[in-house]
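Enquirer: Here it is: the structure, laid out below.
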Amino acid sequence: MSVKNKKQFGIWMDSRRATIIGHADASSEEFSVLGHATNPGADGNSNENAAQNQEKTLQAQFFKEITRHMQNAEEVHVTGTGTIQEQFIHYLAETPQFKKTVARECTSNPMSDERLVEFISGKFS
């Protein structure tokens, strides 16, 4: 399968928001912003165990919201701040739909959508 036909996606993420980059349709050779996802974070909770469970639930919902934009992904490049990228890559590896997806990661600061499209395009060229 040629590189042009592969389903490639790029994601910039931190623990609260994500920007998903990919090809708008199968015939498109240019990357574009497919969507954004947000994680509102846990409410203030006096019970530490309940707060931890709520945070895990919200993170799982956040990851599912991101993957809705990545149907049949073959390659994913995840970038951003913190360790959330590693957690997302582990989530992909544990999800049957994404078991064969090749995932790479790096660390980067927040950037504009246009700059992110350029950055991800460079990672797949």
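When the letters of the sequence shown are read in order and numbered with this note's numbering, they come out as residues 1 to 125. No residue lacks a Cβ here, since even glycine has one placed at the ideal position from N, Cα and C.
From Phe119 to Gly80, what distance separates their C-alpha atoms?
Expert: Cα to Cα, the separation comes out at about 12 Å.
Enquirer: Quick one: residues in its chain with C-beta nearer than 8 Å to the C-beta of Glu86, no 5 flanking neighbours on either side, listed in chain order?
Expert: Closer than 8 Å at Cβ, skipping near neighbours: Glu105.
Enquirer: Exposed or buried, Val102, counting other C-beta atoms within 10 Å across all chains shown (16 or more means buried)?
Expert: So Val102 ends up on the exposed side.
Enquirer: Cα separation between Thr95 and Ser46?
Expert: Those two C-alpha atoms are separated by around 32 Å.
Enquirer: How would you write the range of the alpha helix (DSSP H) that Ser121 sits in, first residue to last?
Expert: 113 to 123 is the extent of the alpha helix (DSSP H) around Ser121.
Enquirer: Ordered along the chain, which non-local residues of its own chain (more than five positions away) have a Cβ less than 8 Å from that of Thr107?
Expert: Contacts found: Thr79, Gly80, Thr81, Gln85.
Enquirer: From the DSSP output, which residues share a beta bridge with Pro11?
Expert: It should be pointed out that residue 11 corresponds to Ile in this sequence rather than to Pro. Bridge partners of Ile11: Ile20, Val78.
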